[in-house]
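>
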Amino acid sequence: MEQGMERIIGDIDCQQVQGTLPQRSTRTANAGADIEIEANASAITRQLENKSSVSRIAVAQISPLPGNLQHNFGLIKKAIDEALKTEAQILVLPELSIPGYMALDYFKDPGFIKDNLKILDE
(Lines of atoms letter the chains of each structure in order from A and count residues from 1; the text may use other names and numbers.)
(Lines give C-alpha, C1' and ligand atoms only; values in the text may rest on other atoms or scores of the structure.)
Protein backbone atom coordinates (compact mmCIF):
# COMPACT_ATOMS: atom_id res chain seq x y z
CA MET A 1 0.00 0.00 0.00
CA GLU A 2 1.35 3.41 -0.96
CA GLN A 3 2.18 5.93 1.71
CA GLY A 4 -0.77 8.21 2.38
CA MET A 5 -3.36 5.63 1.26
CA GLU A 6 -3.99 4.12 4.69
CA ARG A 7 -7.53 5.49 4.85
CA ILE A 8 -9.70 5.65 1.78
CA ILE A 9 -12.83 7.36 3.13
CA GLY A 10 -12.91 10.44 5.35
CA ASP A 11 -10.09 12.84 6.05
CA ILE A 12 -6.96 11.80 4.22
CA ASP A 13 -3.58 13.08 5.37
CA CYS A 14 -1.56 14.37 2.45
CA GLN A 15 2.19 14.63 2.46
CA GLN A 16 3.33 18.02 3.60
CA VAL A 17 6.01 19.81 1.71
CA GLN A 18 9.02 19.48 3.95
CA GLY A 19 12.25 20.34 2.31
CA THR A 20 15.18 22.57 2.71
CA LEU A 21 16.64 24.76 0.07
CA PRO A 22 20.01 23.67 -1.29
CA GLN A 23 22.97 25.66 -0.07
CA ARG A 24 23.73 28.64 -2.25
CA SER A 25 27.13 28.59 -3.82
CA THR A 26 29.47 31.32 -2.63
CA ARG A 27 31.09 31.37 -6.09
CA THR A 28 28.59 33.31 -8.13
CA ALA A 29 28.84 36.21 -10.52
CA ASN A 30 25.47 37.62 -9.49
CA ALA A 31 25.05 37.19 -5.75
CA GLY A 32 22.15 39.68 -5.61
CA ALA A 33 20.05 37.61 -8.02
CA ASP A 34 20.85 34.43 -6.09
CA ILE A 35 19.72 36.02 -2.83
CA GLU A 36 16.46 37.18 -4.46
CA ILE A 37 15.79 33.71 -5.89
CA GLU A 38 16.52 32.12 -2.52
CA ALA A 39 14.17 34.57 -0.75
CA ASN A 40 11.38 33.84 -3.24
CA ALA A 41 11.90 30.09 -2.88
CA SER A 42 11.84 30.42 0.92
CA ALA A 43 8.57 32.38 0.76
CA ILE A 44 6.97 29.74 -1.48
CA THR A 45 8.17 26.95 0.81
CA ARG A 46 6.67 28.72 3.86
CA GLN A 47 3.33 29.13 2.05
CA LEU A 48 3.25 25.44 1.14
CA GLU A 49 4.15 24.36 4.66
CA ASN A 50 1.32 26.47 6.11
CA LYS A 51 -1.37 24.95 3.87
CA SER A 52 -3.67 22.33 5.36
CA SER A 53 -2.45 18.78 4.87
CA VAL A 54 -5.92 17.23 5.06
CA SER A 55 -8.32 16.73 2.17
CA ARG A 56 -11.93 15.76 2.75
CA ILE A 57 -13.25 13.24 0.21
CA ALA A 58 -16.89 12.23 -0.08
CA VAL A 59 -17.86 8.90 -1.66
CA ALA A 60 -21.37 8.65 -3.11
CA GLN A 61 -23.02 5.24 -3.03
CA ILE A 62 -25.85 5.73 -5.49
CA SER A 63 -27.78 3.28 -7.66
CA PRO A 64 -28.26 4.84 -11.09
CA LEU A 65 -30.93 3.32 -13.33
CA PRO A 66 -29.86 2.29 -16.85
CA GLY A 67 -31.01 4.87 -19.36
CA ASN A 68 -32.87 7.07 -16.84
CA LEU A 69 -30.73 10.18 -17.19
CA GLN A 70 -32.92 12.61 -15.24
CA HIS A 71 -33.28 10.21 -12.30
CA ASN A 72 -29.53 9.56 -12.25
CA PHE A 73 -28.76 13.27 -12.49
CA GLY A 74 -31.07 13.86 -9.52
CA LEU A 75 -29.08 11.31 -7.50
CA ILE A 76 -25.85 13.02 -8.46
CA LYS A 77 -27.17 16.47 -7.47
CA LYS A 78 -28.23 15.09 -4.07
CA ALA A 79 -24.76 13.56 -3.62
CA ILE A 80 -23.17 16.91 -4.49
CA ASP A 81 -25.37 18.70 -1.94
CA GLU A 82 -24.45 16.18 0.77
CA ALA A 83 -20.75 16.48 -0.08
CA LEU A 84 -20.96 20.27 0.17
CA LYS A 85 -22.56 19.97 3.62
CA THR A 86 -19.52 17.99 4.80
CA GLU A 87 -17.14 20.54 3.22
CA ALA A 88 -15.63 17.85 0.97
CA GLN A 89 -13.20 19.05 -1.68
CA ILE A 90 -13.63 15.91 -3.81
CA LEU A 91 -16.71 13.79 -4.57
CA VAL A 92 -16.24 10.26 -5.91
CA LEU A 93 -19.14 8.89 -7.96
CA PRO A 94 -19.57 5.41 -9.47
CA GLU A 95 -18.56 5.03 -13.08
CA LEU A 96 -21.40 5.49 -15.57
CA SER A 97 -23.41 7.45 -13.00
CA ILE A 98 -25.23 9.47 -15.64
CA PRO A 99 -26.26 6.75 -18.14
CA GLY A 100 -26.39 3.97 -15.57
CA TYR A 101 -24.67 0.63 -15.74
CA MET A 102 -25.88 -1.96 -18.23
CA ALA A 103 -26.95 0.77 -20.68
CA LEU A 104 -24.60 -0.57 -23.36
CA ASP A 105 -27.27 -0.90 -26.06
CA TYR A 106 -28.20 2.74 -25.55
CA PHE A 107 -24.69 3.84 -26.54
CA LYS A 108 -25.46 2.90 -30.16
CA ASP A 109 -28.18 5.57 -30.22
CA PRO A 110 -26.79 9.04 -31.11
CA GLY A 111 -29.75 10.68 -29.34
CA PHE A 112 -28.82 8.95 -26.08
CA ILE A 113 -25.26 10.27 -26.37
CA LYS A 114 -26.58 13.80 -26.98
CA ASP A 115 -28.86 13.50 -23.95
CA ASN A 116 -25.87 12.46 -21.80
CA LEU A 117 -23.92 15.48 -23.00
CA LYS A 118 -26.85 17.77 -22.15
CA ILE A 119 -26.88 16.39 -18.60
CA LEU A 120 -23.15 17.07 -18.29
CA ASP A 121 -23.73 20.66 -19.37
CA GLU A 122 -26.22 21.14 -16.51
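For what it's worth, this note's numbering labels the leading residue of the sequence shown as 1, then goes sequentially. For glycine and all other residues, C-beta sits at the position ideal for the given N, C-alpha and C.
Looking only at its chain, what residues have a beta carbon closer than 6 Å to the beta carbon of Phe-73, apart from the 5 residues adjacent to it on each side?
Excluding residues within five positions, the ones whose Cβ falls inside 6 Å are Ile-119.
> Since Pro-99 and Ile-62 should fall inside the 8 Å C-beta cutoff, what is the C-beta to C-beta distance between them, to a whole number of angstroms?
The pair is not a contact, with the Cβ atoms about 13 Å apart (cut-off 8 Å).
> Pick from Ser-97, Pro-66, Gly-67 and Leu-65: whose alpha carbon is nearest that of Ile-80?
In terms of Cα proximity to Ile-80, the closest of Ser-97, Pro-66, Gly-67 and Leu-65 is Ser-97.
> Quick check: the Cα distance between Ala-60 and Gly-111, rounded to an integer number of angstroms?
The alpha-carbon separation between Ala-60 and Gly-111 amounts to approximately 28 Å.
> Which one of Tyr-101, Lys-114, Glu-122 and Leu-117 has the shortest CA to CA distance from Gly-67?
Tyr-101
> Taking the alpha-carbon of Asn-116 as reference, which of Glu-36, Ala-33, Ser-42 and His-71 has the nearest alpha-carbon?
His-71
> With a threshold of 16 other CB atoms inside 10 Å of the CB of Ile-76, please say whether the residue is buried or exposed.
The residue is buried, with at least 16 neighbouring Cβ atoms inside 10 Å.
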